[in-house]
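Residue numbers (my numbering), protein chains in the order written: chain A, 1 to 215; chain B, 1001 to 1222. Heads up, the beta-carbon is just placed ideally off N, CA and C, and yes, glycines get one too.
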């Protein structure tokens, strides 16, 4: 119940301020447009690689704010009215939703500007959602760490980039499902590992966040 | 127990045995690897030792979160540092080996990539800790990140490289190295190299921990 309330608060803030949404939207559009100007319409592997790199940068920008925007006083207030676990779960869900939305927008822009080298767009939409959620989970937790260390988004990049390489590699490989008609073996396994990694991240966030919180 | 000297003597003896038997002992003549198979005593043992140190480090990180005692943090940090040094040596020895057997010092093999990623994650641990001025906060956030990093270590070096084709043993379609390990080599490897290098790392870590504890004592008194 508390989780839903906290989630509602985040959504309401977003709807009222509309700062993140339009900010990130502009960022996404501008980046993809620059890519289009410099790359034209690339082949499948390049397209795929560029897509996931852009997802990474979108995620850093969209999710970094989630904890850095909350001031000290506001955090103390949440601490007194809700538990740490509810708070982190609400943040995880909110950021996952935000990333699904942003990944969807960037996918549409990619298809529009950089062309469509895929054979199975339907699969790729699902993989994009999975990838967006996975990236948002890592960066939500790192954003909490960076915020507690009282350092800005620069620290998140230092901590986050090594941590997301395995995920990006997995996503890049899984994406071949959407590009090729003949599938390599082992891709189903990779999907399983990806999902397992996500579960692991959520469990770690729930266990470790209370330690970050208290001061 | 750790202040005693018998295990340090044992460490020197085991390493002497590893180096002497490792360079002079008999090895099976296999194609391509030939004499470079002796690197097994050094390269693979580094990774085994690294896993031990990083595991000890994460145990102390968990202990710190359960009961914030500052010495736990020092133990955790120093074991992580030794683990990082051994991991880096593991990459260097492995790359050297690859240069003479696979034909290139670096070939973007999945295990090489996984190892580099794991090391980057742990380098980030040190950078992250240095950025936090407050001691208690540094210890707590460091412990949290340490647990997180350890959890990511498993996919990067144990799971992902095993699922793809790799030149390393253990991957799909890789070369089978341990299935038919020569019994003379297994002796040097299991009895000498792995415990020897691990004890050396523990020795280094305990010296650094004692130094850190003494430094802290000195500053807290003055």
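The beta carbons of residue 1194 (chain B) and residue 1045 (chain B) sit about 5 Å from each other, so the pair counts as a contact at 8 Å. The CB of residue 1065 (chain B) comes closer than 7 Å to the CB of 211 in chain A, given here in chain order. Within the stretch 55–126 of chain A, the complete alpha helix (DSSP H) segments at least 4 residues long are 72–81, 84–113, listed from N- to C-terminus. Taking 8 Å as the CB threshold, residue 1062 (chain B) stays off the interface with chain A.
For the stretch 189–214 of chain A, the beta-carbon criterion of a distance under 7 Å to any beta-carbon of chain B is satisfied by 189, 190, 193, 197, 200, 204, 208, 211, 212.
Residue 137 (chain A) has its alpha-carbon roughly 10 Å from the corresponding atom of residue 143 (chain A).
Under the Cβ criterion of 8 Å, residue 158 (chain A) is counted among the residues facing chain B. Looking from the CA of residue 115 (chain A), the closest CA among A:41, A:174, A:134 belongs to A:41. If you look at residue 1043 (chain B), you'll find it isn't in any alpha helix (DSSP H); DSSP assigns it neither H nor E.
DSSP, reduced to helix, strand and coil, places residue 1093 (chain B) within a helical segment of the structure shown.
It is roughly 19 Å from the alpha-carbon of residue 95 (chain A) to the alpha-carbon of residue 51 (chain A). Considering only A:16, A:180, A:22, A:135, the residue with the shortest C-alpha distance to residue 162 (chain A) is A:135. The beta-carbon of residue 1128 (chain B) is placed less than 8 Å from the nearest beta-carbon of chain A.
Between the alpha carbons of residue 1017 (chain B) and residue 1199 (chain B) lies a distance of about 14 Å.
Any Cβ of chain A closer than 8 Å to the Cβ of residue 1135 (chain B) would place that residue at the interface, and such an atom is absent. Here DSSP, grouped into helix, strand and coil, assigns residue 1112 (chain B) to helix.
Per DSSP, reduced to three states, the secondary structure at residue 1031 (chain B) is coil, with no helix or strand assignment.
Look at residue 1133 (chain B) here: in three-state DSSP terms it is coil, with no helix or strand label. Nearest to residue 195 (chain A) by alpha-carbon distance, out of A:205, A:47, A:167, A:23, is A:167. Within chain B, the residues placing a beta-carbon under 9 Å from that of residue 155 (chain A) are 1127, 1128, 1131, ordered along the chain.
Close CB contacts of residue 1156 (chain B) within its chain, under the 6 Å cut and outside five residues either way in sequence, are with 1114, 1117, 1118 (chain order).
The beta carbon of residue 1064 (chain B) is closer than 8 Å to those of 1072, 1073, 1076, 1139, 1140, 1143 in its chain, skipping five residues each way along the sequence.
Each of A:37, A:32, A:38, A:64 was checked against the Cα of residue 53 (chain A), and the nearest Cα belongs to A:32. In the same chain as residue 20 (chain A), and ignoring 5 residues on each side of it, the C-beta atoms closer than 7 Å to its own belong to 14, 62, 65, in chain order. Residue 43 (chain A) and residue 117 (chain A) have their C-alpha atoms roughly 7 Å apart. Counting along the chain, residue 10 (chain A) sits inside the alpha helix (DSSP H) bounded by residues 2–17. Excluding residues up to 5 positions away in sequence, 99, 100, 103 lie with their Cβ nearer than 6 Å to the Cβ of residue 132 (chain A) in the same chain. Under the 8 Å criterion on CB atoms, residue 1208 (chain B) is classed as non-interfacial with respect to chain A.
Close CB contacts of residue 1023 (chain B) within its chain, under the 8 Å cut and outside five residues either way in sequence, are with 1038 (chain order). Proximity of chain B to residue 149 (chain A) at the Cβ level (cut-off 8 Å) is accounted for by 1128, 1131, 1132, 1137, 1141, in chain order. Close partners of residue 165 (chain A) in chain B (Cβ separation under 7 Å): 1117. If you look at residue 210 (chain A), you'll find it in the alpha helix (DSSP H) that goes 187–213. Annotated three-state conformation of residue 175 (chain A) is coil, per DSSP.
Residue 1061 (chain B) is not a Cβ neighbour of residue 1125 (chain B), given a cutoff of 8 Å. Residue contact with chain A for residue 1152 (chain B): present (Cβ-Cβ distance below 8 Å to some residue of chain A). Out of B:1192, B:1213, B:1218, the CA that lies nearest to the CA of residue 1048 (chain B) is found in B:1192.
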